[in-house]
Amino acid sequence: MNSYERAGRDRLLFEDSIISLMCAFPMKKGFCYKRKLNTLISRLNNAGLYLKIISDESYKIWLSDPAAQRSSIAAEQPLSCTDLTGAFLTLLTGLLLSLLIVSMEIAQARLTKR
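The sequence shown runs 4 to 117 under my numbering.
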């Protein structure tokens with residue numbers, strides 16, 4: 004989370020995005036306003052108006068969602084062992100599974116040798 008702005012009492016808006024989508028508009032070959040349209044889109048993008056419009060609209064959508072307003076960020080706390088239990092269990096499961104597969108491969112190699 005690189006940067007954020009304070010949006011209210013208990014609300015933070017982060018400028019990071021999970022996904023980025025590109026958009027294209029189909030035009031007929033030889034479209035007479037192609038150059039003007041490309042110039043307009045480039046100017047909007049270079050002036051930062053595109054990002055401003057997107058951030059304003061996403062803020063409006065976020066405000067209209069009551070579930071998003073319920074979440075508040077508490078004071079920063081260090082991670083505890085209970086927070087990391089899922090990660091440790093996944094690691095342990097992967098290690099045990101890999102040991103089982105390696106032992107099965109060794110057993111198969113010894114049996115096929117004979």
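Idealized CB from N, CA, C, for every residue including glycine.
Computed from a prediction, not measured in an experiment: that's the story for all the values here.
Starting from residue i, follow the alpha helix (DSSP H) in both directions and report where the run begins and ends.
| i | result |
| --- | --- |
| residue 36 | Taken as a continuous stretch (DSSP letters only), residue 36 belongs to no alpha helix (DSSP H), as it is neither H nor E. |
| residue 51 | Per DSSP, residue 51 belongs to no alpha helix (DSSP H) and is neither H nor E. |
| residue 108 | 88-116 |
In angstroms with no decimal places, state the Cα-to-Cα distance between residue i and residue j.
| i | j | result |
| --- | --- | --- |
| residue 114 | residue 85 | 44 Å |
| residue 50 | residue 29 | 24 Å |
Thinking C-beta only, is residue j closer than 9 Å to residue i?
| i | j | result |
| --- | --- | --- |
| residue 34 | residue 40 | yes |
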